[in-house]
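Before any comments, here is the structure.
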Amino acid sequence: MAVTAQTRRPAHTPYSAPPTRQAPTVNKSPHWLDFLILSAVLLFFLELIVVVGRIAIDNRVEKAIQKHAADGLARADYAAASWGATVVDHSEPRYERDWPWLGWWSTWWNGVHHKAIHMLSPSFGEPGRCFPLKGRSGFVVVKLREPIVPEAITIEHVLDSVVDDRSDAPKDCRVTAWLQHDRYDGKKNEFVLAEFSYDVRKSNVQTCGVSGSVAKARDEAIVNMVELQFGSNNGSPVSTCIYRLRVHGHKPRS
Amino acid sequence: MAVTAQTRRPAHTPYSAPPTRQAPTVNKSPHWLDFLILSAVLLFFLELIVVVGRIAIDNRVEKAIQKHAADGLARADYAAASWGATVVDHSEPRYERDWPWLGWWSTWWNGVHHKAIHMLSPSFGEPGRCFPLKGRSGFVVVKLREPIVPEAITIEHVLDSVVDDRSDAPKDCRVTAWLQHDRYDGKKNEFVLAEFSYDVRKSNVQTCGVSGSVAKARDEAIVNMVELQFGSNNGSPVSTCIYRLRVHGHKPRS
Amino acid sequence: MAVTAQTRRPAHTPYSAPPTRQAPTVNKSPHWLDFLILSAVLLFFLELIVVVGRIAIDNRVEKAIQKHAADGLARADYAAASWGATVVDHSEPRYERDWPWLGWWSTWWNGVHHKAIHMLSPSFGEPGRCFPLKGRSGFVVVKLREPIVPEAITIEHVLDSVVDDRSDAPKDCRVTAWLQHDRYDGKKNEFVLAEFSYDVRKSNVQTCGVSGSVAKARDEAIVNMVELQFGSNNGSPVSTCIYRLRVHGHKPRS
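Residue numbers (the working numbering), protein chains in the order written: chain A, 5 to 258; chain B, 5 to 258; chain C, 5 to 258.
Here it is, written out as structure tokens:
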């Protein structure tokens, strides 16, 4: 802009004392004043942009970090272990090669492998902080913290950048849910919450809303048990790892 | 700007070959040259803004993430469990409904509930990763890592976005402190560090400086024991949860 | 800019009805129209900058947080405990003053102190979440998750802002590596991966590429054991703490 002012002014100058019959009318406002004003205005706007921009940046950064700090999604997770949810059943786990004892013992003792709880806790970007199940297909059953009206399911796998292979990610998933008051009740009124595919090429945290019929039922559809079944994985013939399973929703309003 | 140049130029053109007696003086600088220069200047400034802006953004983002990575506050916490602080006493805890055994056992064994240590560790935005105490009021006593000159207290509750209810947040708080060399010493020279209200509508991490008299005493006020008493909570009749308690300060300079 | 238009226009006006012999030609385009157009153009560009800037900010913030979420480096770490790496040997640890029993017991039981695993896990900005070794020099031996072609080593200490003293940071480091199939094999074909100094004045996470000869050997240099030796620390006569040790590389391509 400053350059503009300098560039254009000479173009006008010829006319400020031009060849007319009258006494030449000289332009009284000196060039440097114009230039100064222009520079000041320009600097003022640049300064304004910088200040406003800084506030805007801090604001958005603050929001993004707040969301990251809120367990990454800033959404209540009724399947969080720390909040009282538990894994109650699962298909055969993949026992470790070197030290399978703890896995055997825990599975025999209360029917649940000691690593199953990893599914209901943050994994902090650590590879291997997951629940590995045997084979390409399997299931896990989670008892939620309390009966809720389900709204969405989130499946999470490890980030691409920290592992060399994500063939153990689940692929075709089907989530069913039911309400169970007693430990020895069966799956009464089980219904499908959602059917979706976990796509490793997309974000590593994938949320899927409940199916239309469940969403329509609204506060009628109350559940406290959720089962994730995966029918295929991303290629590994040995095992499938679930890094995190979350269930979002709200308390029944009645 | 580009449009401006086009818009205004025609307004001048008539005067560049105007009706004077002399031979008409034609303006030699063609319009497209002016336009080009103007565009170049404009692009240069836009480019400059983009480059400078990018650096500014990265810089501020880097700082914000660094602060987040530094336990959220980038401030030494002498009540951090990992650094050697411990909970030595507390009012009656809220025992879990389903599996209270571990809580009973740990409380009986060394007088401290096994969940008390959650207060002195990060909660990673996980709901329930806290120390739940019975009722609306109570207290906890923390032995700091080492004797320090206290400067501020931080109380943290879970983020609004990941829970459906924060009525178990503490409200009116009173923090006292003293120096105790031996386990069987009493509270000698106990004094009030700070009195404040935790307000759930504000940020979930709230820091309160020590009271004026303590701040004035400076390096005279050396403490290694801190007691948090809360006289009321945010509404829950059942329990009050403390997610995190931090004590900031510095080593005595003598 | 708007001011510019107002400032300069009067300077031209005298020439729009200037002293010529002809009837004065009045400038038909009124000033306020020019002013409006100029303002509109200006607003449009400001708006454009705001929108583009917002997208740019969100984009960069998203990337930075993603990297932070990917264990801070977004790089596979074959020495991560969660992924199957273990500490197999180390020099004498610093036993705790108050409760050394667990340290003694674990060291006697399997030759490795119970805190050694902290080196292979994130420390979340928590002071003291590290493996403290006795004295100014020492070593640790890590068995990687699997044999890899090493590319770089990362040493991490606690952030400056959360502690009052970082004299226990390691300084001169030497990392060697070898391939060991059996537990009772010795260090066959041990070679130096990298020699470097951890500088506390720089970033707390410091990555050092492998030495030139190792890099040249490429897929010939396959290792599954890594030893970190530190010959000096940052000043503490008592102990040296290792917060994190990472080994980056890739699987042999053959």
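Glycine included, every Cβ here is placed at the ideal spot set by N, Cα and C.
Would you call residue i buried or exposed, if buried means 16 or more other Cβ atoms sit within 10 Å of its Cβ?
{"i": "C/Asn63", "result": "exposed"}
{"i": "B/Thr140", "result": "The amino acid at residue 140 of chain B is misidentified as Thr; the sequence shows Arg. Buried, since its Cβ has 16 or more Cβ neighbours within 10 Å."}
{"i": "C/Pro337", "result": "Residue 337 of chain C falls outside the range modelled here, since chain C spans only 5 to 258, and no answer is possible."}
{"i": "A/Arg58", "result": "exposed"}
{"i": "B/Asn193", "result": "exposed"}
{"i": "B/Asn228", "result": "buried"}
{"i": "A/Lys119", "result": "buried"}
{"i": "A/Glu231", "result": "buried"}
{"i": "B/Ala44", "result": "exposed"}
{"i": "C/Val56", "result": "exposed"}
{"i": "B/Gly76", "result": "buried"}
{"i": "C/Gly253", "result": "buried"}
Rounding to the nearest angstrom, what Cα-Cα distance links residue i and residue j in this structure?
{"i": "C/Asp186", "j": "C/Ala85", "result": "20 Å"}
{"i": "C/Pro28", "j": "C/His35", "result": "Confidence at C/Pro28 is low in this model, with a pLDDT of 48, below 50, so its placement is unreliable and no value can be given for it."}
{"i": "A/Val218", "j": "A/Pro136", "result": "30 Å"}
{"i": "A/Lys206", "j": "A/Val146", "result": "25 Å"}
{"i": "C/Phe49", "j": "A/Ile159", "result": "42 Å"}
{"i": "A/Ala80", "j": "A/Pro154", "result": "11 Å"}
{"i": "C/Asp203", "j": "C/Pro241", "result": "18 Å"}
{"i": "B/Ser95", "j": "B/Leu124", "result": "16 Å"}
{"i": "C/Val251", "j": "A/Pro126", "result": "23 Å"}
{"i": "A/Cys134", "j": "B/Trp113", "result": "33 Å"}
{"i": "C/Ala221", "j": "C/Ser110", "result": "39 Å"}
{"i": "A/Leu42", "j": "C/Leu47", "result": "18 Å"}
{"i": "B/Val196", "j": "B/Gly216", "result": "11 Å"}
{"i": "C/Tyr2", "j": "C/Trp182", "result": "Shown here, chain C extends from 5 to 258; a query on residue 2 of chain C therefore has no answer."}
{"i": "C/Leu249", "j": "C/Phe200", "result": "14 Å"}
{"i": "A/Leu148", "j": "B/Gly190", "result": "45 Å"}
{"i": "C/Phe39", "j": "C/Leu52", "result": "20 Å"}
{"i": "A/His122", "j": "B/Ala225", "result": "45 Å"}
{"i": "C/Leu37", "j": "A/Val54", "result": "30 Å"}
{"i": "B/Glu150", "j": "C/Val167", "result": "13 Å"}
{"i": "A/Cys212", "j": "C/Val214", "result": "43 Å"}
{"i": "C/Lys138", "j": "C/Leu163", "result": "21 Å"}
{"i": "B/Gly115", "j": "B/Pro97", "result": "11 Å"}
{"i": "B/Thr180", "j": "A/Tyr82", "result": "37 Å"}
{"i": "B/Glu93", "j": "B/Asn208", "result": "Reading off the sequence shown, one finds Asp at residue 93 of chain B, where the question assumed Glu. Approximately 25 Å, taken between the alpha carbons."}
{"i": "C/Lys255", "j": "C/Gln184", "result": "16 Å"}
Any heavy atom of the ligand FAD closer than 6 Å to the Cβ of residue i?
{"i": "A/Ala83", "result": "As far as ligands go, the structure on display features none, and thus does not contain the ligand FAD."}
Going by beta-carbon coordinates alone, are residue i and residue j separated by less than 7 Å?
{"i": "B/Thr244", "j": "B/Pro174", "result": "yes"}
{"i": "B/Ile157", "j": "B/Ala198", "result": "yes"}
{"i": "B/Ala73", "j": "C/Gly129", "result": "yes"}
{"i": "A/Asp169", "j": "A/Ser236", "result": "no"}
{"i": "C/Arg178", "j": "C/Asp223", "result": "no"}
{"i": "B/Asn238", "j": "B/Ser165", "result": "no"}
{"i": "A/Tyr247", "j": "A/His161", "result": "yes"}
{"i": "A/Gly107", "j": "A/Tyr99", "result": "yes"}
{"i": "A/Val65", "j": "C/Val65", "result": "yes"}
{"i": "C/Phe143", "j": "C/Gln210", "result": "no"}
{"i": "A/Ala78", "j": "A/Lys71", "result": "yes"}
Discussion item. Quick check for students: name the residue ranges of the beta strand (DSSP E) that lie wholly in the stretch 83–154 of chain A, counting only runs of 3 or more.
Written reply: Correct list: 90–94, 135–138.
Fill in: Every unbroken beta strand (DSSP E) inside the stretch 201–228 of chain B [3 residues or more]
If only uninterrupted beta strand (DSSP E) runs of at least 3 residues are considered, those enclosed by the stretch 201–228 of chain B are 209–213.
Worksheet item: For the stretch 155–191 of chain C, which segments carrying the beta strand (DSSP E) assignment without a break, of at least 3 residues, lie completely within its bounds, in sequence order?
Response: When DSSP assignments are scanned along the stretch 155–191 of chain C, the uninterrupted stretches of beta strand (DSSP E) that are 3 or more residues long and fall wholly within it turn out to be 176–182.
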